[in-house]
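See structure below.
In my numbering, the protein residues as written are 3 to 409.
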């Protein structure tokens, strides 16, 4: 089977914070048989053994929640021990940890550094912004505790980036948030739109609109372009450049198929995506089922193909190559009707209209610097745009009239 990664929920939706915009907290009732959800050693070993028997060059483990550090340091020490046990010569193991960081102390940070974990720390901006939503059960803001944990990460030389959820708290303060992060020495950013719907398809109060997303990202781009292009790494911008330079998509929403990883819940249940941990998308359980078999599941196949079944209007959009209809999560009830337009569509168009020429100029410079000049190549089939989309080779023609002729 093609390479894939794991996104693991060892503590399920359990968390020591009560962020009111968290999409995963509702899964606390997904497993009602117990109030506390923790991955057992048996499930942990079965998962690692099964994953590392799939014959890949790299095994990427993403530990997420809820709050994964609630498992305690010994759990992660055991995970590394099992990775060593089931690893084979020449294979690379990569561990990523997405965390609110409030439980990370000096010892935990030193462990993360020793085993080269890449850590994503959630920080929504300066204290007055961050603390609006990111509170504990007593209603206290978490910013101070996060900053103390970051001091431990820095002291141990842990590689980490900052995850910024763009919600009603900070969407009108893009420049302030960016400057706060840059001036504090945070040079790796990932901006994530907060888009949550109620049962009627209406955006929840903390969510953002497409227009707000577009204005926010245009402001971030203006702060970054021309000054911080070679200094500050913004995941979305890096991915745009990777697509323009190398012709490959390395983040989900830029791809045409949603079969890139498996989610493993605390009890070993497997799902196709953490935004769609739903009973009708259950693929199996790692203690009983093989990843190879789950990868061939009709449920998994159908889910993956929904990504490219976008609204017909997308076919004629000049930015389809970069958007690919956006994330299924942003097309309300996309599990039922994937052809709904993304609620962020207006924002994506605004952003790409504003910034695309700058990215294309920077991409040309990067191609030149890295010796990638020369004949235009055909984009791999897995990344082909729709027939009416602009050709990614830069000719200005539609794909069907350019590289599409030779594919």
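From the three backbone atoms N, C-alpha and C, an ideal C-beta is built for every residue, glycine too.
All values derive from a computational prediction rather than experimental measurement.
When the Cα atoms are used, residue 257 and residue 326 turn out to be separated by approximately 6 Å.
When the five nearest sequence neighbours on each side are left out, the beta carbons in the same chain lying within less than 8 Å of the beta carbon of residue 303 are those of 261, in order along the chain. When beta bridges are read from the DSSP output, residue 169 appears opposite no residue. The Cβ atoms of residue 273 and residue 293 do not sit closer than 8 Å to each other. Residue range 94 to 101 is occupied by the beta strand (DSSP E) that includes residue 100. Remark: C-beta atoms of residue 98 and residue 68 do not approach each other more closely than 8 Å.
Counting only runs of 4+ residues, the alpha helix (DSSP H) found wholly inside the segment 252 to 300 occupies 293 to 297, in chain order. The alpha-carbon of residue 310 is positioned some 18 Å away from that of residue 299. The C-beta distance from residue 128 to residue 101 rounds to 20 Å, too long to fall under 8 Å, and the pair is not in contact. Per DSSP, residue 61 is one residue of the beta strand (DSSP E) stretching across 60 to 65.
The segment 360 to 372 makes no contact with the segment 338 to 345: fewer than 3 CB pairs, one atom from each, lie closer than 8 Å. Straight-line spacing of the CA atoms in residue 192 and residue 126 works out to 10 Å. Taken through DSSP and simplified to helix, strand or coil, residue 354 comes out as helix. In this structure, the beta-carbon distance from residue 270 to residue 48 falls below 8 Å.
Per DSSP, the continuous alpha helix (DSSP H) segment holding residue 129 begins and ends at 129 to 135. Within the DSSP bridge table, the entry for residue 244 names no partner.
With a cutoff of 8 Å on beta-carbon distance, residue 245 and residue 324 are scored as near each other. In the three-state reduction of the DSSP assignment, residue 368 falls in the helix class. Distance from residue 23 to residue 196 at the Cβ level is roughly 6 Å; contact confirmed, criterion being Cβ atoms closer than 8 Å. If you draw a 10 Å sphere on the C-beta of residue 10, you find 16 or more other C-beta atoms in it, and that means buried.
Look at residue 121 here: in three-state DSSP terms it is strand. Put simply, the backbone Cα of residue 224 is about 31 Å away from that of residue 150.
When DSSP states are grouped into helix, strand and coil, residue 106 belongs to the coil group.
Secondary structure of residue 250 (DSSP, three-state): coil. For the pair of segments examined, the segment 151 to 160 was found not to touch the segment 173 to 182: the number of CB pairs separated by less than 8 Å stays below three. In this structure, residue 8 lies near residue 53, with their beta-carbon atoms less than 8 Å apart. Contact between residue 218 and residue 170 does not hold, since their C-beta atoms are separated by about 11 Å, which reaches or exceeds 8 Å.
Sequence-distant partners of residue 203 (beyond 5 residues in either direction) whose C-beta falls short of 6 Å from its own C-beta, in its chain, are 334.
Taking 8 Å as the cut-off, the Cβ atoms of residue 103 and residue 123 count as close.
With the rule of 3 Cβ pairs closer than 8 Å, the segment 37 to 48 counts as touching the segment 10 to 19. In the DSSP assignment, residue 192 falls within the unbroken beta strand (DSSP E) covering 190 to 195. Checking the DSSP bridge columns, you'll see residue 164 partnered with 123, 191. With fewer than 16 other CB atoms across the displayed protein chains lying within 10 angstroms of its CB, residue 90 is exposed. Collapsing the DSSP output to three states places residue 373 in coil. For residue 75, the enclosing alpha helix (DSSP H) begins and ends at 75 to 88. In the DSSP assignment, residue 152 falls within the unbroken alpha helix (DSSP H) covering 145 to 157.
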